[in-house]
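Engineer: Would you mind keeping the following structure in view while I ask a few things?
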Amino acid sequence: MRAKQDSVLRLLIVDDSVEAAEAIVSGLRNAGIAVRVSRPENEEALPALVGGALDIVIAAKDAKQPTMAAAMQAIDASGKDIPLLMVVDTVDDNILLQASERGVRGLILRGRTPHVLATVRAEWEDLEARRAQRLLEAQVRETERRCDALIDSSREPIAYVHEGMHIRANQAYLEMFGFDSFEDIEGMSLLDLVAPSHVANFKTLLKGLSKGDAPPPRYELEALDQEGNRFPATMEFTSAFYEGEACIQIVFRRQESDPELAREVEELRQRDQVTGLLNRQTFLQQLESAVGGTAQSGAHHGLLLIEPDHFVKLLQEIGLDAADDLIAGLAGRLRSALAPEDVAARFGEHQFAVLSKNSEHVATVALAERLRAAFEGHVFEVGDRSLSATVSIGGVQIGEKIASVTQVLAKASQGVQSSVGVGGNRVELFDPGAVDRAEEERVRAWVERIRAAVDGDGFVLHYQPVISLHGEPGETYEALLRLRGGSEGELVAPQMFLPVAEEHGLLWEIDRWVAGRAIQVVAERARQRKDTTLLVKITQASLADDTLAKFIGEQLAAHKVPGEKLVFQLPESKVFTHLKQAQAFRTTVKQFGCRVGLEQFGTGLNSFQLMQHFEPALVKIDRAFIQELAQNPDNQAKIKEFSARASEQGAKTIAEFVQDAGSMTFLFSSGVDYVQGHFLAAAGPDMDYDFQ
0 MRAKQDSVLR LLIVDDSVEA AEAIVSGLRN AGIAVRVSRP ENEEALPALV GGALDIVIAA
60 KDAKQPTMAA AMQAIDASGK DIPLLMVVDT VDDNILLQAS ERGVRGLILR GRTPHVLATV
120 RAEWEDLEAR RAQRLLEAQV RETERRCDAL IDSSREPIAY VHEGMHIRAN QAYLEMFGFD
180 SFEDIEGMSL LDLVAPSHVA NFKTLLKGLS KGDAPPPRYE LEALDQEGNR FPATMEFTSA
240 FYEGEACIQI VFRRQESDPE LAREVEELRQ RDQVTGLLNR QTFLQQLESA VGGTAQSGAH
300 HGLLLIEPDH FVKLLQEIGL DAADDLIAGL AGRLRSALAP EDVAARFGEH QFAVLSKNSE
360 HVATVALAER LRAAFEGHVF EVGDRSLSAT VSIGGVQIGE KIASVTQVLA KASQGVQSSV
420 GVGGNRVELF DPGAVDRAEE ERVRAWVERI RAAVDGDGFV LHYQPVISLH GEPGETYEAL
480 LRLRGGSEGE LVAPQMFLPV AEEHGLLWEI DRWVAGRAIQ VVAERARQRK DTTLLVKITQ
540 ASLADDTLAK FIGEQLAAHK VPGEKLVFQL PESKVFTHLK QAQAFRTTVK QFGCRVGLEQ
600 FGTGLNSFQL MQHFEPALVK IDRAFIQELA QNPDNQAKIK EFSARASEQG AKTIAEFVQD
660 AGSMTFLFSS GVDYVQGHFL AAAGPDMDYD FQ
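In case it helps, numbering that gives the first Met the number 0 puts the sequence shown at residues 0 to 691.
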């Protein structure tokens with residue numbers, strides 16, 4: 000199963016028993032699986048839920064509203080790959096047969112949590128594997144499309160042969176043998192293009208290939224064109240697939256009688272005629288070889304893409320007829336700044352590429368800066384004009400973490416465009432290793448900063464008023480944690496540092512600081528004759544044992560603060576997955592007079608049942624129900640239901656994130672006890688709201 004912390008299993012449960020559905024969700028969450036769950040109340044709700052983001056459906060065999068058959072029908076109608084797991088009480092041959100006939104992917108034994116976990120994990124892994132396979136297949140199709148385009152445009156004579164017959168040939172191949180179109184050669188035996196004196200040996204080779212023998216890398220023979228003219232040729236074989244069928248790719252080259260002439264022809268074939276640098280196709284072959292070697296050996300190379308800045312303006316100065324002269328001059332300057340082992344090419348109309356093999360990051364950066372400086376300080380003579388030209392350079396450090404030609408070229412191209420976008424004459428080099436090192440350093444710095452804040456005076460509390468709609472006496476604020484940002488006095492919001500703190504086991508220390516500071520503040524307010532109650536957030540990290548609860552009792556006694564002046568808040572989702580620990584925490588702090596509430600209320604599978612089990616003193620309704628409340632009748636109904644059910648349980652309700660007058664108008668008659676939000680007052684360092 001995916002190990003990433005942000006992986007969420009999107010689950011749909013079809014079961015008449017809410018308790019049974021909650022048991023499944025609770026078991027998954029207790030096993031460390033993040034679950035986003037939905038449960039349809041009727042058959043009409045199924046299409047919308049199945050049509051959304053969904054991973055797995057778990058349906059009880061005996062479900063009545065909706066039925067498992069309805070769930071399966073909704074899945075089939077969606078056309079999506081959504082596995083269905085069937086919940087059963089027992090297993091026998093008939094149930095297995097029914098499950099197979101209905102297309103059920105697996106069975107879950109009701110009440111057997113280990114079996115539920117194993118089955119869900121296995122099915123999720125299979126689903127992710129299928130999704131990954133489909134993605135890879137799409138990528139393969141795109142790669143094949145690009146390869147087809149490259150083969151069609153290649154100057155190399157290339158053909159695909161299956162069982163000795165032509166199934167594909169490019170234009171260069173057709174021209175070499177004198178054919179006008181592929182239809183003239185389609186289905187023709189390769190033996191028909193071989194001189195009679197070489198047919199016997201070549202037929203033996205083809206028989207070996209048909210039996211699965213490895214093809215030779217190179218084979219020399221005498222070939223025949225359409226007119227019967229003979230010419231010496233070499234064939235290079237590569238195993239390949241064409242339209243899903245195994246075949247042989249053949250590169251068929253004419254052998255020149257003069258080796259020196261052949262060498263010169265080959266050299267010309269690889270070079271750009273204007274600059275004398277390698278052409279794009281030849282450079283790509285070398286780049287693919289280097290990238291492939293990196294994936295196998297772990298070697299490092301540097302790729303640079305270089306573009307002259309303001310090229311259109313340069314052309315306007317010298318005239319379009321001198322464009323080739325300018326390109327040649329730029330190429331000459333580039334060549335003069337490179338080492339003999341560096342590989343340079345004309346990669347585009349006015350773009351150059353450099354491959355520096357076995358180059359570490361420092362060396363690649365140095366090369367890029369040397370090239371940039373070489374152009375910056377140079378005057379080009381083009382015809383009777385003198386001009387200067389700077390360049391923008393985008394580069395990639397090729398290593399194991401970016402060992403794909405597509406990725407390499409994309410990152411280098413992004414670097415060029417970024418350099419051009421900020422004015423040019425600049426180098427931007429992407430180094431995956433440096434990104435990782437920078438991220439590690441960033442996290443390390445955050446950890447040190449958090450530790451220093453806990454030990455020193457790095458944290459600060461801000462306070463947002465929580466206002467009673469029924470005129471209750473006293474003043475209530477929520478204490479909100481901030482981290483001091485530095486010399487400029489800026490403050491950092493908790494979402495920026497709490498994930499790092501959680502990953503490194505620092506949340507319990509932060510909870511301890513917040514609780515201790517909140518008690519001190521209430522004591523200070525009491526000395527000022529202020530009747531202040533504080534709402535304080537606590538994370539699940541502090542539920543592991545009774546350390547924090549005992550600390551709270553000690554601090555209340557030390558500062559002579561009544562426990563009822565503190566309300567500790569726990570997220571509903573965390574209480575759901577740590578119910579026993581949360582109940583133990585509530586029981587302990589209740590002995591000191593403190594109250595415990597639920598925040599983010601209403602987002603669980605059955606929030607009301609959790610409220611019955613946990614018995615909170617207060618529930619804070621999740622902000623998702625408050626946004627645009629005046630225009631949302633469904634949320635209005637939910638708010639009233641939350642308020643009524645909480646009141647029945649003896650719990651107070653808070654509506655947070657109130658942003659507009661329309662929402663306030665509704666909340667006055669909704670049964671909610673308290674309101675909080677920017678429409679009323681923003682959070683700040685001082686408790687100066689007028690509650691009168």
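Even glycine gets a Cβ: it sits at the ideal position worked out from N, Cα and C.
Rounding to the nearest angstrom, what Cα-Cα distance links I12 and V56 in this structure?
Structural biologist: In the sequence shown, residue 12 corresponds to position 13, counting from 1. In the sequence shown, residue 56 corresponds to position 57, counting from 1. If you take the alpha carbons of I12 and V56, they lie about 6 Å apart.
Engineer: Can you check the region 606-677 for any beta strand (DSSP E) of at least 3 residues that lies completely inside it and give the ranges in chain order?
Structural biologist: For the region 606-677, whole beta strand (DSSP E) runs of length 3 or above, ordered along the chain, are 617-620 and 651-654.
Engineer: Would you say D659 and F641 are within 8 Å of each other, going by their C-beta atoms?
Structural biologist: Within the sequence shown, residue 659 is the residue found at index 660, counting from 1. Within the sequence shown, residue 641 is the residue found at index 642, counting from 1. Contact flag unset, no.
Engineer: Which of the three DSSP states, helix, strand or coil, is assigned to P464?
Structural biologist: Against the sequence shown, residue 464 aligns to sequence position 465. Correct three-state label for P464: strand.
Engineer: In three-state terms, what does DSSP make of T532?
Structural biologist: What you label residue 532 is simply residue 533 of the sequence shown in a count that begins at 1. Here T532 sits in strand by DSSP.
Engineer: Please classify M67: is it buried, with 16 or more other beta-carbons within 10 angstroms of its beta-carbon, or exposed?
Structural biologist: As a first step, residue 67 must be located in the sequence shown, where it is residue number 68. The residue is buried, with at least 16 neighbouring Cβ atoms inside 10 Å.
Engineer: Identify the residues that DSSP records as bridge partners of M164: which are they?
Structural biologist: Looking up residue 164 in the sequence shown gives position 165. Beta-bridge pairing links M164 to H161 and S188.
Engineer: Taking 8 Å as the cut-off, does the region 132-141 touch the region 92-112 (at least 3 CB pairs, one atom from each stretch)?
Structural biologist: No: fewer than three Cβ pairs fall under 8 Å.
Engineer: DSSP state of S152, grouped into three classes?
Structural biologist: Mapped onto the sequence shown, residue 152 falls at position 153. DSSP places S152 in helix when its eight states are reduced to three.
Engineer: With distances taken from CA atoms, which of G331, M164 and F665 is nearest I249?
Structural biologist: Counted from its first residue, the sequence shown places residue 249 at position 250. For the residues G331, M164 and F665, the minimum Cα distance to I249 belongs to M164.
Engineer: Just checking my contact of I397 with G301 at CB under 8 Å: how many whole Å lie between their CB atoms?
Structural biologist: Taking the first residue of the sequence shown as position 1, residue 397 is located at position 398. Taking the first residue of the sequence shown as position 1, residue 301 is located at position 302. Yes, I397 and G301 are in contact; Cβ-Cβ is about 7 Å, under 8 Å.
Engineer: By how many angstroms is the C-alpha of D14 removed from the C-alpha of L34?
Structural biologist: For the purposes of this step, residue 34 is identified with residue 35 of the sequence shown, where counting begins at 1. For the purposes of this step, residue 14 is identified with residue 15 of the sequence shown, where counting begins at 1. Note that residue 34 corresponds to Val in the displayed sequence, not to Leu. Answer to the nearest angstrom: the Cα atoms are 17 Å apart.
Engineer: Taking the straight line between their C-alpha atoms, what separation do you get for F591 and A543?
Structural biologist: The count along the sequence shown starts at 1 and reaches residue 591 at position 592. The count along the sequence shown starts at 1 and reaches residue 543 at position 544. Distance between the alpha carbons of F591 and A543: 19 Å.
Engineer: Run through DSSP, which three-state label would E306 get?
Structural biologist: If you number the sequence shown from 1, residue 306 lands on position 307. Strand, per DSSP.
Engineer: Please identify the residue among S467, H469, G382 and G484 whose C-alpha is closest to the C-alpha of V459.
Structural biologist: Counting from one through the sequence shown, the residue named residue 459 turns up at place 460. It is G484 whose Cα lies nearest to the Cα of V459.
Engineer: At what residue ranges does the region 494-581 contain a whole run of the beta strand (DSSP E), taking only runs of 3 or more?
Structural biologist: DSSP runs (the beta strand (DSSP E)) wholly in the region 494-581: 531-536 and 565-570.
Engineer: Kindly indicate which three-state DSSP category A681 falls into: helix, strand or coil?
Structural biologist: The sequence position of residue 681 within the sequence shown is 682, counting from 1. If DSSP states are grouped into helix, strand and coil, A681 belongs with coil.
Engineer: So, is H612 buried or exposed, given that buried needs 16 or more other C-beta atoms within 10 angstroms?
Structural biologist: In the sequence shown, the residue the question calls residue 612 occupies position 613. H612 is exposed by the Cβ-count criterion.
Engineer: So, is D54 buried or exposed, given that buried needs 16 or more other C-beta atoms within 10 angstroms?
Structural biologist: Here residue 54 refers to the residue found at position 55 when the sequence shown is read from its first residue. So D54 ends up on the buried side.
Engineer: Where does G275 fall in DSSP's three states?
Structural biologist: As a working mapping, residue 275 is identified with position 276 in the sequence shown. Looking at G275 - three-state DSSP - the assignment turns out to be coil, as it is neither helix nor strand.
Engineer: Looking at A388: is its Cβ nearer than 8 Å to the Cβ of L313?
Structural biologist: On the sequence shown, residue 388 is found 389 positions in, with the first residue counted as 1. On the sequence shown, residue 313 is found 314 positions in, with the first residue counted as 1. In this structure, L313 lies closer than 8 Å to A388 by Cβ.
Engineer: Note down, in chain order, each residue of its chain lying with its Cβ closer than 6 Å to the Cβ of A654, except the 5 sequence neighbours on either side.
Structural biologist: Taking the sequence shown and counting its residues from 1, the one referred to as residue 654 is at position 655. Excluding positions up to five away in sequence, the list reads I620, I625, L666, V671 and V674.
Engineer: What distance in whole Å lies between the Cβ atoms of M686 and T475, which are believed to be in contact at a cut-off of 8 Å?
Structural biologist: Taking the sequence shown and counting its residues from 1, the one referred to as residue 475 is at position 476. Taking the sequence shown and counting its residues from 1, the one referred to as residue 686 is at position 687. Actually they do not touch by this definition, with Cβ atoms about 10 Å apart.
Engineer: When we look at the beta-carbon of D125 and count the other beta-carbons within 10 Å, is it buried (16 or more) or exposed?
Structural biologist: Here residue 125 corresponds to residue number 126 of the sequence shown, with the count starting at 1. Burial call: exposed.
Engineer: Look up M85 in the DSSP assignment and give the residues it is bridged to.
Structural biologist: For the purposes of this step, residue 85 is taken as the residue at position 86 of the sequence shown. Its beta-bridge partners are A58 and L106.
Engineer: Taking the alpha carbon of L173 as the reference point, which residue from T203, L223 and E162 has its own alpha carbon closest?
Structural biologist: The residue given as residue 173 occupies position 174 in the sequence shown. Considering only alpha carbons, the answer is L223.
Engineer: Who are I401's beta bridge partners in DSSP?
Structural biologist: For the purposes of this step, residue 401 is taken as residue 402 along the sequence shown, with counting starting at 1. Answer by DSSP bridge pairing: none, since I401 is not bridged.
Engineer: Helix, strand or coil for Y476 per DSSP?
Structural biologist: By one-based count along the sequence shown, residue 476 stands at place 477. Looking at Y476 - three-state DSSP - the assignment turns out to be strand.
Engineer: What number of angstroms, rounded off, separates the C-alpha of E263 from the C-alpha of T281?
Structural biologist: Working through the sequence shown from its first residue, we reach residue 263 at position 264. Working through the sequence shown from its first residue, we reach residue 281 at position 282. Taking the straight line joining both Cα atoms gives about 15 Å.
Engineer: Taking the alpha-carbon positions, what's the R229 to P156 distance?
Structural biologist: As a first step, residue 229 is located in the sequence shown; it is residue number 230 there, counting from the start. As a first step, residue 156 is located in the sequence shown; it is residue number 157 there, counting from the start. Looking at the two C-alpha atoms, the distance is approximately 17 Å.
Engineer: Residues in its own chain within less than 7 Å of A336 by CB, not counting five upstream and five downstream?
Structural biologist: Start at 1 with the first residue of the sequence shown, and residue 336 comes out as number 337. Cβ within range, chain order: R369, L370 and A373.
Engineer: Among D88, V87 and A73, whose alpha-carbon lies nearest the alpha-carbon of I81?
Structural biologist: Along the sequence shown, one-based indexing puts residue 81 at 82. When each option's Cα is compared against that of I81, the closest is A73.
Engineer: Which same chain residues, not among the five before or five after Y159, have their C-beta less than 6 Å away from its C-beta?
Structural biologist: Taking the sequence shown and counting its residues from 1, the one referred to as residue 159 is at position 160. Only I166, R167, Y241, C246 and Q248 meet the Cβ criterion.
Engineer: Please state if the CB of G649 and the CB of V618 are separated by a distance shorter than 8 Å.
Structural biologist: For the purposes of this step, residue 618 is identified with residue 619 of the sequence shown, where counting begins at 1. For the purposes of this step, residue 649 is identified with residue 650 of the sequence shown, where counting begins at 1. No, the pair does not count as a contact, with Cβ atoms beyond the cut-off.
Engineer: Would you mind sorting K410 into buried or exposed? The rule is 16 or more other CB atoms within 10 Å of its CB.
Structural biologist: Sequence index remark: in the sequence shown, residue 410 carries index 411 (1-based). By the 10 Å Cβ count, K410 comes out buried.
Engineer: Closest to I431 by C-alpha separation, out of R253, A444, K400 and F178, would be which residue?
Structural biologist: To locate residue 431, count along the sequence shown from 1; it is residue 432. Sequence check: residue 431 is Pro here, not Ile. The option with the nearest alpha carbon to P431 is K400.
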